[in-house]
Structures are given as structure tokens and as C-alpha cells.
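Student:
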Amino acid sequence: MQDGALLDLPLSVAFCRRLRGDPVCLHDVSEVDEAVGKSLEYLAGIARQHATLRAQLAAATTAAARADVTSAISALAGQVDALCLDFTLPGHEHWKLRAAGDGGDAEEVTLDNLEEYLEATTRAMLVDSVAEQTHAFRAGFYSFAKPGSLRMFSPPEVALLFSDQRRTFAPWRQSDIEDAIVCSHGYALGDPQVRHLVACMATFGPSEQRLFMRFITGAPRLPVGGFKALRPRLQVVRAVPPAGHIADELFPTCMVCEVYLKLPAYSSAEILREKLLVAISEGQEHFAFD
142 MQDGALLDLP LSVAFCRRLR GDPVCLHDVS EVDEAVGKSL EYLAGIARQH ATLRAQLAAA
202 TTAAARADVT SAISALAGQV DALCLDFTLP GHEHWKLRAA GDGGDAEEVT LDNLEEYLEA
262 TTRAMLVDSV AEQTHAFRAG FYSFAKPGSL RMFSPPEVAL LFSDQRRTFA PWRQSDIEDA
322 IVCSHGYALG DPQVRHLVAC MATFGPSEQR LFMRFITGAP RLPVGGFKAL RPRLQVVRAV
382 PPAGHIADEL FPTCMVCEVY LKLPAYSSAE ILREKLLVAI SEGQEHFAFD
């Protein structure tokens with residue numbers, strides 16, 4: 142963010158709340174683990190029913206009413222007991238949230254301590270388990286931003302600062318690409334291969350845009366300001382085939398540090414698109430000295 146490159150850090154909204162210093166709650170668990178979140182929501186529903194029944198029991202004025210409420214509470218207790226839960230963090234059998242009185246096995250979850258279990262699980266998943274990461278992220282971010290600067294954004298907006306997963310797709314316009322490209326070493330903007338390249342880029346969908354940006358810059362997103370904000374600017378040069386080969390046999394290559402695309406002089410727009418898509422899809426992890 143400091144140098145204008147927008148990387149993808151798919152941070153959960155719950156984590157962004159912690160970055161801002163906001164409290165988190167049980168409803169945030171689904172942002173991290175949907176299955177566990179649904180289970181905790183179900184248990185929270187039982188806890189709410191228990192609270193309602195306790196209030197009804199306290200207000201009951203007849204023995205019959207008290208008996209009915211007591212029976213309903215017993216039924217709820219049976220539901221919780223049937224689940225055979227204990228104070229262990231879901232998915233982490235060695236993480237005891239609370240040990241039994243002898244300090245050995247984790248305490249069993251009952252209707253009476255269900256709310257405590259929910260609170261302990263929520264805190265372990267959303268606070269304790271990421272305490273070091275949250276501290277390190279804040280320290281790094283605030284090394285170049287003013288402390289508290291994230292407070293001007295809502296948690297979902299903070300998430301969007303670091304990841305474009307929820308952004309609306311915007312096609313690239315040919316005019317923007319043409320204005321941003323610098324042609325040299327064998328190419329001019331009006332050459333067929335450059336025009337085919339621009340037209341091809343303008344047809345890219347979201348996944349192809351991300352692949353292309355990673356291929357030429359190492360980051361999956363354009364900087365703030367779009368193509369015109371790329372530094373260095375996107376430079377397109379002619380790749381010369383080695384002896385005994387023709388351009389249509391080659392794939393495009395790039396120098397990521399210079400945003401320098403080496404494009405062979407393909408004989409048609411169809412071949413250019415085919416070769417470019419293979420390069421950006423299959424060549425992401427390739428590195429070589431040139």
C-alpha cells in the first residue's frame with residue numbers, strides 16, 4: 142500500500158474489527174469458519190431459550206407453571222448433554238478452553254455453563270488464536286500510517302483495502318491501455334501486434350485480469366489510479382525468435398521489476414491471445430535470467 146501496489150490479503154471482516162480495536166462477537170465466527178459458526182449459533186439459540194425459561198421460572202406463581210418450565214429446562218439440558226461437548230476449541234483437541242477441577246481433562250459443557258463455553262470459544266477463535274498476528278500486522282501497518290487511521294473505515298471497508306474479492310468487476314478500456322503503453326525496441330503503438338494485444342486485454346474477465354497483472358507486475362491488481370499509475374509504465378517490446386524458430390512458436394515473457402513485456406510478432410490476433418493466455422496461466426511461477 143505504501144508504494145501503490147495493491148496486493149490481495151483476504152482478511153476476514155472479523156480480523157479487520159480486531160485491527161481497528163473493535164470487540165468481536167459470536168456472530169463473527171462464521172466469517173472465519175462457517176461450519177463452526179453455524180454450530181455456535183445453534184447453541185446460542187439454546188442458551189437464549191434457557192435464559193427465557195429461567196425468567197419464566199422466576200415469575201411463575203403456581204406449582205404447575207413451575208413444573209412446566211422445569212420440564213422444558215430439563216429437555217434443553219438433555220439436548221446439550223446429547224452433544225457430548227467439552228471445553229475444547231473445535232478442531233483443536235489439545236486446546237483446552239477450561240479444564241475440569243482436577244486440572245486434567247477439559248470440563249464438560251452443560252446447559253448451566255453453555256454461555257461460558259460460547260464466550261470462551263469465540264474469544265479463542267477470534268482473539269487469542271490471532272493475538273500475535275494482530276499485533277504484528279498493526280505494528281507493520283502503523284510503521285507508515287498514523288495510529289488509529291483505520292478507524293475512519295468500517296471493518297468491511299478495511300477488508301476491501303487489502304483485497305478486491307468483493308469489488309465489482311470493471312472491464313479494461315482500450316483507450317486507457319493505449320494511453321499507458323510505451324512501445325519500443327521494434328514496436329510502435331500502431332503495429333498490428335500491439336493493437337491485437339490491447340484488444341485482447343480489453344476482453345479479459347476478472348480472473349484473466351488478475352493473471353495478467355501478476356504476470357507483468359507480481360501483484361494481482363492495478364494500483365490506485367489504474368494503468369496510468371503503473372510505475373514503471375507498461376512497456377511492450379518485440380521478442381526476436383532464436384535462429385531456426387518463428388514468432389508463432391514462442392510465448393510472451395516479461396521482466397516484472399520493469400513491467401517489461403516481450404511480445405513476439407505473432408501472425409494473427411488469435412495466436413497472440415492463445416499464447417498470451419498460456420503464458421499468464423502457466424508461467425506465474427517460472428523465473429529465469431535473461
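If you want this note's numbering, it's the 1-based position in the sequence shown plus 141. A virtual CB, placed ideally from N, CA and C, is assigned to each residue, including glycine.
Would you decide whether Lys416 is buried or exposed? Buried here means 16 or more other CB atoms lie within 10 Å of its CB.
Tutor: Buried, by the Cβ-count rule.
Student: If you compare alpha carbons, which of Met266, Gln190, Ser422 is closest to His233?
Tutor: Selected option, being the one with the closest Cα: Met266.
Student: Kindly indicate which three-state DSSP category Thr344 falls into: helix, strand or coil?
Tutor: In the structure shown, Thr344 sits in coil (DSSP, three-state: anything other than H, G, I, E or B).
Student: So, using beta-carbon positions, are Ala410 and His337 closer together than 7 Å?
Tutor: Yes; because the gap between Cβ atoms is below 7 Å, this pair is in contact.
Student: Would Val250 pass as a contact of Leu230 if the rule is Cβ separation under 7 Å?
Tutor: No, they are not a contact pair.
Student: Beta-carbon separation of Trp313 and Ala340 under 7 Å?
Tutor: In this structure, Ala340 does not lie closer than 7 Å to Trp313 by Cβ.
Student: Which parts of the region 331 to 393 are runs of the alpha helix (DSSP H), unbroken and 4 residues or longer, counting only runs that do not cross its ends?
Tutor: Whole alpha helix (DSSP H) segments, 4+ residues: 333 to 343, 347 to 358.
Student: Nearest-angstrom Cα distance between Val335 and Leu181?
Tutor: Whole-angstrom Cα-Cα distance: 56 Å.
Student: If you draw a straight line from the alpha carbon of Asp163 to that of Phe353, how long is it in whole angstroms?
Tutor: Going by the C-alpha atoms only, they are around 37 Å apart.
Student: Can Val397 and Gly359 be called in contact, C-beta distance under 7 Å?
Tutor: Yes, the Cβ-Cβ distance between Val397 and Gly359 is below 7 Å.
Student: Whole angstroms is fine: what's the gap from Leu453's alpha carbon to Leu238's?
Tutor: There is simply no residue 453 to check, as the chain begins at 142 and stops at 431 in what is shown.
Student: How many whole angstroms separate the CB atoms of Ala380 and Lys403, which I take to be in contact at a CB cut-off of 8 Å?
Tutor: The pair is a contact, with the Cβ atoms about 4 Å apart (cut-off 8 Å).
Student: Could you please give the first and the last residue of the uninterrupted alpha helix (DSSP H) stretch that includes Val95?
Tutor: Nothing about residue 95 can be reported from this structure: the residues present for the chain run from 142 to 431 only.
Student: Consult DSSP for Leu238 and reduce its assignment to one of helix, strand or coil.
Tutor: Three-state result, Leu238: coil.
Student: Are the region 317 to 325 and the region 292 to 301 in contact at 8 Å, needing three or more beta carbon pairs?
Tutor: No: fewer than three Cβ pairs fall under 8 Å.
Student: Identify whether Ala286 lies in helix, strand or coil by the three-state DSSP scheme.
Tutor: Coil, per DSSP.
Student: I need the DSSP call for Pro312, collapsed to helix, strand or coil.
Tutor: Residue state, collapsed to three classes: coil.
Student: Distance check for Ala188 and Glu256, CA to CA, integer angstroms please.
Tutor: Each residue's alpha carbon lies about 6 Å from the other.
Student: Look up Val323 in the DSSP assignment and say whether it is helix, strand or coil.
Tutor: Reduced to three states, the DSSP call for Val323 is strand.
Student: Please determine, among Cys395, Val378, Asp320, the residue with the shortest C-alpha to C-alpha distance to Ala370.
Tutor: Cα-wise, what sits closest to Ala370 is Asp320.
Student: Please tell me whether Arg207 and Ala216 are closer than 7 Å, where the distance is taken between their beta carbons.
Tutor: It is not a contact, given that the beta carbons lie outside the stated cut-off.
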